[in-house]
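Residue numbers (the working numbering), protein chains in the order written: chain A, 560 to 706; chain B, 118 to 252. All residues carry an ideal CB built from backbone N, CA and C; glycine is no exception.
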């Protein structure tokens, strides 16, 4: 589907913009709001994150049901979806490490990258460290860790 | 309840974005995957386009509502760096983050994504709660 390449790039750009706008609207760009959900001892728990995740899954479920009835996506020859089904050590250890970092500063990848346009120094630092961590994993850790 | 409408509606837009990418391009809107592949030089035009769109979120919000969304970072710079490093390594090792596992993984009823989401919510809750007591 080479001829559709420009259209696919436009779709990626628009989907990214919708995601970034949705994050801004949801309040989840703000680490204080995220930590207000994760921190159970603050004395004023903020359930917002549950509404965000709930709203997102609510819309995604019918989308996935529709996807399962299609043989291929509109702009490509086949779907590119994860095929692994086994819960392994890497999945659990990685998710635990991610969660610990998330609870430390209140940032996960989407909001942090999206907030880059606001010109805040801590956001820049976080994204630089995150990018370094990703490259460290993909180029070193993933190759040395036992399967 | 009314205070949570923007969160619910914003979340629905995240779902809509993920569904659009899934049905049109056949791919998972997982931010750590997209950024990780971009850093590795994979499918640069597509992944870069998504990231540029993502970064344009706050300016678009400003066009609509007249100001940037609120972003309050309480953590010190060293803590921010450690957190970023952990999030970078962890999301790549765990094959996803709040978007890929949390939104699409749950919607696909993926066993792996349920395990990942439960794990990062528990670890995040434990760490954020622990930090409250260390202040």
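- The beta carbon of residue 216 (chain B) sits closer than 7 Å to some beta carbon of chain A.
- As summarised for the stretch 208 to 236 of chain B, there are no continuous alpha helix (DSSP H) elements at least 4 residues long confined to that stretch.
- By the beta-carbon neighbour count (other beta carbons within 10 angstroms, threshold 16), residue 182 (chain B) is exposed.
- Judged by DSSP in its simplified three-state form, residue 696 (chain A) adopts helix.
- A residue is called buried when at least 16 other Cβ atoms come within 10 angstroms of its Cβ; residue 189 (chain B) does not meet this threshold and is exposed.
- A buried status is given to residue 597 (chain A), since no fewer than 16 other beta-carbon atoms sit within 10 Å of its beta-carbon.
- Exclusion of the five residues before and after residue 144 (chain B) leaves 138 as the residues of its chain whose Cβ lies within less than 7 Å of its Cβ.
- According to DSSP, residue 603 (chain A) shares a beta bridge with no other residue.
- Here the alpha carbon of residue 666 (chain A) sits roughly 8 Å from the alpha carbon of residue 588 (chain A).
- With the criterion set as a beta carbon lying under 9 Å from some beta carbon of chain B, the members of the stretch 652 to 663 of chain A are 652, 653, 654, 655, 656, 657, 658, 659, 660, 661, 662 and 663, in sequence order.
- The stretch 215 to 223 of chain B makes no contact with the stretch 675 to 694 of chain A; the number of CB pairs closer than 8 Å stays below 3.
- If you draw a 10 Å sphere on the C-beta of residue 603 (chain A), you find fewer than 16 other C-beta atoms in it, and that means exposed.
- Counting only residues of its own chain and dropping the five nearest sequence neighbours on each side, residue 607 (chain A) has a CB closer than 6 Å to the CB of 586 and 592.
- Residue 583 (chain A) is a Cβ neighbour of residue 186 (chain B), given a cutoff of 7 Å.
- Using a CB distance below 7 Å, the part of the stretch 122 to 136 of chain B facing chain A consists of 123, 124, 125, 126, 127, 128, 129, 130, 131, 132, 133, 134, 135 and 136, ordered along the chain.
- Here residue 144 (chain B) is bridged, per DSSP, to A:639.
- Rounded to whole angstroms, the gap between the alpha carbons of residue 211 (chain B) and residue 148 (chain B) is 13 Å.
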